[in-house]
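If you use the working numbering, the sequence shown corresponds to residues 224 to 468, in order.
Okay, structure first, notes after.
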Amino acid sequence: MVERKERLEEEFELGEEDEAIHEYEALTDGYLHVTASLIADEIAHLAKTHEGVVVDLGCGPGSLVKELALRFPQLLVIGLDISFPMTKLARERTTVENVAFVTADVHHLPFQTRSVQMIVSHGAMHHWRELARALAEVKQVLADKGFVYLSDLKRDTPDELVREIAALLNKNQARAFLNSIKAAYTVEELAALAAAAGLGNLHVEPESFSRRAIARNIEKLRESPLRGMRQAAINLRMVGGAETL
Ligand SMILES: C[S@@+](CC[C@H](N)C(=O)[O-])C[C@H]1O[C@@H](n2cnc3c(N)ncnc32)[C@H](O)[C@@H]1O
């Protein structure tokens, strides 16, 4: 049985915002673009959304925004991030047409009630000061048949696996990764928070991908230094909505 560890609050873990953004961009180019592509294919497999707006909460350098925009050309994909330099960087990096970026806080989403058809996120929930409040905002702005896919690290990831991944990263990235794991949630905690926010219809589970999503990314996965890192042991997801299969 995995020993229960207390969740530690995590601020922007690398201290200086510029340094954090630089390291996160390097991490994205080195590893996370593969995860973004896999998640986008998984969402394309599950969601039956044909029109409207997608919002990526805590979009960082925008890799998931770009991958979703390519797979859903009929939708507007909005990347939302609290950091202005991060949204600026994401805008510069993303040349796809159907995207927009906004600097805002997930605790105060700048969208009308029930106006967003799809809400997604990757690797960001553990940063949010008050996840219960952010999930209440998600519930508020999500359209009636909206789809949700929120993916993040899992705090009860086995230590051995955490060490194995940290060893692939540079010193700053490794420190940020270790802090992020400590700040992350467990499936049980996230399920309770989802239920309290009125999102109890969503599945909270270890993240795994359909054969189709894996097949589409097999070359990228083979080339990635993180291949074989047992995604389900590292990540969890909150997924579902009226338009899932
Ligand atoms: C670890 S990065 C993940 C970036 C991106 N989703 C990815 O997977 O590459 C977390 C991002 O969440 C953003 N963030 C943290 N707190 C936030 C908040 N309260 N509202 C919006 N964004 C936030 C940070 O600025 C950062 O860009």
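Cβ coordinates follow ideal geometry from the N, Cα and C atoms, glycine included.
- Cβ atoms of Ile457 and Leu376 come within 8 Å of each other, at about 6 Å.
- Per the Cβ contact rule, the stretch 418–431 is not in contact with the stretch 392–406 (fewer than 3 Cβ pairs under 8 Å).
- Per DSSP, the continuous alpha helix (DSSP H) segment holding Phe307 begins and ends at Phe307 to Arg316.
- Ala357 is positioned such that its CB atom lies closer than 9 Å to that of Met348.
- Residue pairing from DSSP places His426 in a beta bridge opposite Val462.
- For Met348, the three-state secondary structure derived from DSSP is helix.
- Ligand 1 has no heavy atom closer than 8 Å to the beta-carbon of Asp252.
- Non-local C-beta neighbours of Phe432 in its own chain, meaning closer than 6 Å and more than five positions away in sequence, comprise Leu261 and Glu265, ordered along the chain.
- Around the CB of Phe324, 16 or more other CB atoms lie within 10 Å, so the residue is classed as buried.
- For the pair Ala263 and Leu293, the CB atoms are nearer than the 9 Å cut-off.
- Checking the 8 Å criterion, the Cβ of Val339 is out of range of every heavy atom belonging to ligand 1.
- By the CB criterion at 9 Å, Val329 and Val288 fall outside the cutoff.
- Along the stretch 243–309, the beta strand (DSSP E) occurs as fully enclosed runs of 3 or more residues at 276–280 and 299–304, listed in sequence order.
- Between the alpha carbons of Phe334 and Cys282 lies a gap of roughly 16 Å.
- Relative to Lys368, the option among Lys271, Asp252, Phe295 and Ile244 whose CA is nearest is Lys271.
- Segment contact: the stretch 431–445 against the stretch 376–388, fewer than three CB-CB distances shorter than 8 Å; contact not assigned.
- When distances are taken from the beta-carbon of Val329 to the heavy atoms of ligand 1, the shortest one is below 8 Å.
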